[in-house]
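Enquirer: Protein chains in written order, with my numbering: chain A, 1 to 222; chain B, 223 to 454. Can you read through this structure? Questions will come right after.
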Ligand SMILES: [Zn+2]
């Protein structure tokens, strides 16, 4: 079940991004940013409205807590407001820039609160522990299976190591391109793919075992 | 079609799950997976994770979040702008700027620009040395008394209106050309092909400001964002 190290199949991210970014027109967000920088408050409000949902979801998926997601989203936009001038449309999309900024805040936040959550964090090396920890995700009173599935995936995601967690969230939930993720994480595309693979494998393993254990206790599992 | 081994599967997985492998690669991978329980389980797990992630969808944003963000941001001075300046600009935007703007309607600015243009042409035709001239110097006395007082008042806003006018650009280009010509050669008359050459120079002024150093960029925030209420 263990996966080998991913060979460096892709070029360094600098190469791949520059190739794609040059020669395309200003995207709507870049125009909005330009307007913001001339003091256009309507443009700023539009920028916030456009991106809040995505950023809030990213923060929620990463932390697994709505209150933290709420606070972090505010922090993100506060920082965006203060550093908007440093966004350069020529060096990537606004979405990528915003996601990078959010990701940095999330990692800072994670490191700050790491001790509070001394509980197990799952990496590919210790996925075997999952079976022993024997976490029960099921509650007899939960009627809606769909809701249960949502809770299960969130519980599973927050058990991944930050490296794998962010890679899977950005790809499978935020639906970013590998190229964009490689910019956000500052690693080559090959590394991105390798982390996504390991993240998905670990997640799937947790979910499969959960389904098996809930199936044994309750016939009508997912 | 060649046989592949477990260690060759991993690099193919993302593309395989995205459905982006070539027909041959896909067939090779599936041939291996059909005979390998480990890889089959791995791929099944990954598909399960992807399905769950997709079905999880997006969570709803708390209702108040956006307005809280806007309240927090629009109410305070952005980086690089001192608080006193921010307060001053807020007062400026709400009380003074609307009055100034009403004076500086496009047609007023256009009229002014046309006057400047014609005066400069007369001066040039009369053999006047334009080398040392600035745009403001070309304004006739009566314009100067009426206009520059307002110009001084309006500050940055004037510059914005002023510079955005195409005709002003052309005047500036023309002036620059004459200045260049009179310094390079003795001939005061501009050559037609020089117009194209010096065009980029005037445009450079308004070119993407995000190439400026950070301090300059932050300065662009000097006009603060108005209250949330007006936006929403
Ligand atoms: Zn295999």
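Where a beta carbon is used, it is the ideal one built from N, C-alpha and C, also for glycine.
Between the alpha carbons of residue 360/B and residue 106/A, how many angstroms are there, rounded?
Expert: Low confidence applies to residue 360/B: its pLDDT is 46, below 50, so where it sits in the model is not reliable enough to give any reading.
Enquirer: Secondary structure at residue 26/A, three-state DSSP: helix, strand or coil?
Expert: coil
Enquirer: If you measure from the beta carbon of residue 64/A to each beta carbon in chain B, is any gap under 8 Å?
Expert: By this cut-off, residue 64/A is not an interface position.
Enquirer: For residue 234/B, name the three-state secondary structure that DSSP assigns.
Expert: helix
Enquirer: Just verifying my parser: in three-state terms, what is the DSSP assignment at residue 176/A?
Expert: coil
Enquirer: Can you tell which of 181/A, 180/A, 193/A and 165/A has its C-alpha closest to the C-alpha of residue 59/A?
Expert: 165/A
Enquirer: CB-CB under 6 Å to residue 231/B, same chain, minus the five flanking residues each way: which ones, in chain order?
Expert: 261
Enquirer: Is residue 260/B close to ligand 1? I mean its beta-carbon at under 7 Å from any heavy atom of the ligand.
Expert: yes
Enquirer: If we cut at 8 Å on Cβ distances, does residue 104/A have a partner in chain B?
Expert: Chain B contact via Cβ: absent.
Enquirer: Could you name the residues of the same chain whose beta carbon sits closer than 7 Å to that of residue 181/A, not counting the 5 residues immediately before and after it, in chain order?
Expert: 167, 170, 171 and 192
Enquirer: Out of 271/B, 275/B, 294/B and 276/B, state which residue places its alpha-carbon closest to the alpha-carbon of residue 202/A.
Expert: 271/B
Enquirer: What does residue 74/A touch in chain B if you count any residue whose Cβ is under 8 Å from its own?
Expert: Those within 8 Å of residue 74/A in chain B are 287, 290, 291 and 294.
Enquirer: Give me, in chain order, the residues of the same chain whose beta-carbon lies closer than 7 Å to that of residue 84/A; leave out the 5 immediate sequence neighbours on both sides.
Expert: 33, 36 and 37
Enquirer: Are residue 95/A and residue 40/A touching if we call contact CB-CB under 8 Å?
Expert: No; because the gap between Cβ atoms is not below 8 Å, this pair is not in contact.
Enquirer: Quick one: measure Cβ to Cβ for residue 205/A and residue 293/B, integer angstroms, because I've assumed they're closer than 8 Å.
Expert: Actually they are not in contact, since the Cβ atoms of residue 205/A and residue 293/B sit about 44 Å apart, beyond 8 Å.
Enquirer: Which residue comes first and which comes last in the alpha helix (DSSP H) that contains residue 242/B?
Expert: Element bounds for residue 242/B: n/a, residue is neither H nor E.
Enquirer: Mind reading off the beta-carbon distance from residue 243/B to residue 251/B? Whole number of angstroms is fine, and I expect it under 8 Å.
Expert: 7 Å between Cβ atoms; contact.
Enquirer: Would you please verify whether the beta carbon of residue 45/A is less than 8 Å from any beta carbon of chain B?
Expert: yes
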